[in-house]
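Engineer:
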Amino acid sequence: MIELGLAPLSRALAKGEFSSVELTQAYLQKIAQENSDLNAYVTVCEELALSQARAADEARSQGNAGPLTGIPIAHKDLFCTKGIRTACGSKMLDNFIAPYDATVVENFIKAGTVTLGKTNMDEFAMGSSNETSFYGPVKNPWNRNLVPGGSSGGSAAAVAARLCAGATATDTGGSIRQPASFTGITGLKPTYGRVSRWGMVAFASSLDQAGTMTQSAEDAAMMLNVMAGLDLKDSTSSDSAAEDYTKDLDKPLAGLKIGIPTQHFSEGLNADVEKCIRDAIAEFEKLGATVKEVSLDNSHLSVSAYYVIAPAEASANLSRYDGVRYGYRCKNPVNLEDMYKRTRSEGFGTEVKRRIMVGTYALSAGYYDAYYIKAQKIRRLIKNDFQKAFEEVDVIMGPTSPHTAFAIGSKNDDPVTMYLEDIYTIAVNLAGLPGMSIPAGLVNGLPVGLQIVGKDFAEAQLLNVAHKFQQATDWHTKSPVK
Ligand code: GLN
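Under my numbering, the first residue of the sequence shown carries the number 1088, and numbering increases by one thereafter.
#1: Count the other CB atoms within 10 Å of the CB of R1098; is the residue buried (16 or more) or exposed (fewer)?
#2: So, with DSSP's three-state summary, where would you put K1178?
#3: P1339: buried (16+ other C-beta within 10 angstroms of its C-beta) or exposed?
#4: I'd like to know whether the C-beta atoms of V1482 and V1381 end up nearer to each other than 8 Å.
#5: Leaving aside the five residues before and after G1453 along the sequence, list all residues of the same chain whose C-beta is less than 6 Å from its C-beta, in chain order.
#6: Tell me the DSSP secondary structure of E1380 in three-state form.
#7: Which term fits I1460, buried or exposed, when burial requires 16 or more other beta carbons within 10 angstroms of its beta carbon?
#8: Near M1300, what residues of its chain come up, given a Cβ to Cβ distance below 7 Å and the 5 sequence neighbours on each side ignored?
#9: Excluding the 5 residues preceding and the 5 following S1096 in the sequence, name in chain order all residues of the same chain whose CB lies nearer than 8 Å to its CB.
#10: Under 7 Å from any heavy atom of the ligand GLN, does the C-beta of D1258 make it?
#11: By Cβ distance, which residues of its chain are closer than 8 Å to N1357, with the 5 residues on each side in sequence left out?
#12: Is it true that the CB of Q1350 sits closer than 8 Å to the CB of L1388?
#13: The ligand GLN and D1509: does any heavy atom of the ligand fall closer than 7 Å to the residue's C-beta?
#14: Do you know how far the Cα of P1228 is from the Cα of K1569?
#15: Do you know how far the Cα of Q1120 is from the Cα of K1565?
#16: Rounded to whole angstroms, what is the Cα-Cα separation between A1136 and V1480?
#17: Could you give the distance in angstroms between the alpha-carbon of R1141 and the alpha-carbon of S1432?
#18: May I ask you to list the residues that DSSP assigns as paired with V1131?
#19: Would you kindly report the start and end of the unbroken alpha helix (DSSP H) that includes H1554?
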């Protein structure tokens, strides 16, 4: 049963084909077999999961079941979970047990889901390969010598290896879409502000957004129904009405206008990946869509602007880890300054320190205008490019990543090469737009992701576009699990 996606599982539970306890046990058994090698979970909550599953079965027997009642899911380990460690891939938070649930987690608990555990991730969500995690790399279930992508590598691998029905994740510059692409699953990053950030460990607050990792667009719509909405505890959460994201799934695509950005089909894109993407776009034409080229003139500046803005915000957000309030504290400090210094030197990994240094530099007097303000101006130009394109088209499509998953260890010693991993995804975060990655082919047996970007708050449309493609093709059903 665990090979089914979230939506089919929801239907099977409703029909009484099996219980949530049986389903949860099946996942826990699979996790016990696979996780020591894959390293997708950093915490497995066996007892909690089984007690939630029993409660879900009980609620169902009393006629109180919703669509997600009894569905076993996993949470990226940066969502605070009451009573369960939330370590965010860092030694700094290795001992941190959150005293409350993130709004996202709370919403899932109210919906009756089962929490299987917390998934591995790059330290403080900084990375594209899951290799910066204090808990070690995650392996790609398609080929265990390869990375699953990052920073939500654990959530991606857990869904791909069928170690959960769906998982939460976050995307600051590509961390949902790129790992979804590398592991052959469906990743959705909603519009900035669509989902509450309250109780998410902050990386870059103006870019961070929670989303979903699932087998299909239909599964994603069901998860988003639980996650989306105004939260007064997050002042950047949007008060635009959340919708039923399943309602438009089956709308025909006749007349859909697709924009293809010239800049996303240029040098550096693997030729076989490009072929998969072009074939996928041709499939949309068969479904009644029309295609035209659009230009995102400033897209070549997106990675540079991001690597000023994101580290600047991170350097401010991470100043709270001082050894005083919570998290790691160095042993036997001789005075306050020694404690600050050694706590941060010992508690943070190399990539996190690099970001703090870059961010602090960009925000310092004399450099602020030259770097930070300049990057903010570029951010506006990037947003304008999308707005202009969206005057002519409904959605924008292209590759999620220029290539398929790469070998563990192959890009570690060159941070800039790693930063370029997000070349097609980062502008979407800078513009605050919703984006997805859906499976669109295999190259040498490895998954390729198609990125679909929509207008602000057009999640229902994105999910519709993705769902129709998934009804017409079977790439999303391909699995590394024999
Ligand atoms: N890879 C990008 C980074 O390292 C994006 C990470 C993310 O989206 N969390 O910052």
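C-beta: ideal position from N, C-alpha, C; glycine also.
Structural biologist: In terms of the structure at hand:
#1: Counting from one through the sequence shown, the residue named residue 1098 turns up at place 11. Exposed is the call here.
#2: Locating residue 1178 in the sequence shown gives position 91, where the first residue counts as 1. It is helical.
#3: Indexing the sequence shown from 1 puts residue 1339 at position 252. With fewer than 16 other Cβ atoms within 10 Å, it is exposed.
#4: Translated into positions along the sequence shown, residue 1482 becomes position 395. Translated into positions along the sequence shown, residue 1381 becomes position 294. No, these two residues do not count as a Cβ contact at 8 Å.
#5: Taking the first residue of the sequence shown as position 1, residue 1453 is located at position 366. Cβ within range, chain order: n/a, list empty.
#6: What you label residue 1380 is simply residue 293 of the sequence shown in a count that begins at 1. DSSP places E1380 in strand when its eight states are reduced to three.
#7: Within the sequence shown, numbered from 1, the residue matching residue 1460 stands at position 373. The residue is exposed, with fewer than 16 neighbouring Cβ atoms inside 10 Å.
#8: Residue 1300 sits at position 213 when you count from the first residue of the sequence shown. Contacts found: S1239, S1242, A1243, V1246, G1253, A1254, A1256, I1263, A1267, I1272, G1274.
#9: Sequence index remark: in the sequence shown, residue 1096 carries index 9 (1-based). Residue identity check: residue 1096 is Leu in the sequence provided, not Ser. Around L1096: M1088, L1110, I1158, A1252.
#10: Locating residue 1258 in the sequence shown gives position 171, counting from the first residue. Yes, the beta carbon of D1258 sits closer than 7 Å to at least one heavy atom of the ligand GLN.
#11: Here residue 1357 corresponds to residue number 270 of the sequence shown, with the count starting at 1. Answer for N1357: P1489, H1490, T1491, V1530, listed in chain order.
#12: Here residue 1388 refers to the residue found at position 301 of the sequence shown. Here residue 1350 refers to the residue found at position 263 of the sequence shown. No, the Cβ-Cβ distance between L1388 and Q1350 is not below 8 Å.
#13: As a position in the sequence shown, residue 1509 is number 422, starting the count at 1. Answer for D1509: yes, Cβ within range of the ligand GLN.
#14: On the sequence shown, residue 1569 is found 482 positions in, with the first residue counted as 1. On the sequence shown, residue 1228 is found 141 positions in, with the first residue counted as 1. So the two alpha carbons sit approximately 11 Å from each other.
#15: Numbered from its first residue, the sequence shown carries residue 1565 at position 478. Numbered from its first residue, the sequence shown carries residue 1120 at position 33. Cα to Cα, the separation comes out at about 21 Å.
#16: What you label residue 1136 is simply residue 49 of the sequence shown in a count that begins at 1. What you label residue 1480 is simply residue 393 of the sequence shown in a count that begins at 1. Roughly 44 Å between the two C-alpha positions.
#17: The residue given as residue 1141 occupies position 54 in the sequence shown. The residue given as residue 1432 occupies position 345 in the sequence shown. Cα-Cα distance, rounded: 44 Å.
#18: The residue labelled residue 1131 in the question sits at position 44 within the sequence shown. For V1131, which the question treats as bridged, DSSP gives the partners G1204.
#19: As a position in the sequence shown, residue 1554 is number 467, starting the count at 1. From DSSP, the alpha helix (DSSP H) with H1554 extends over 1546–1559.
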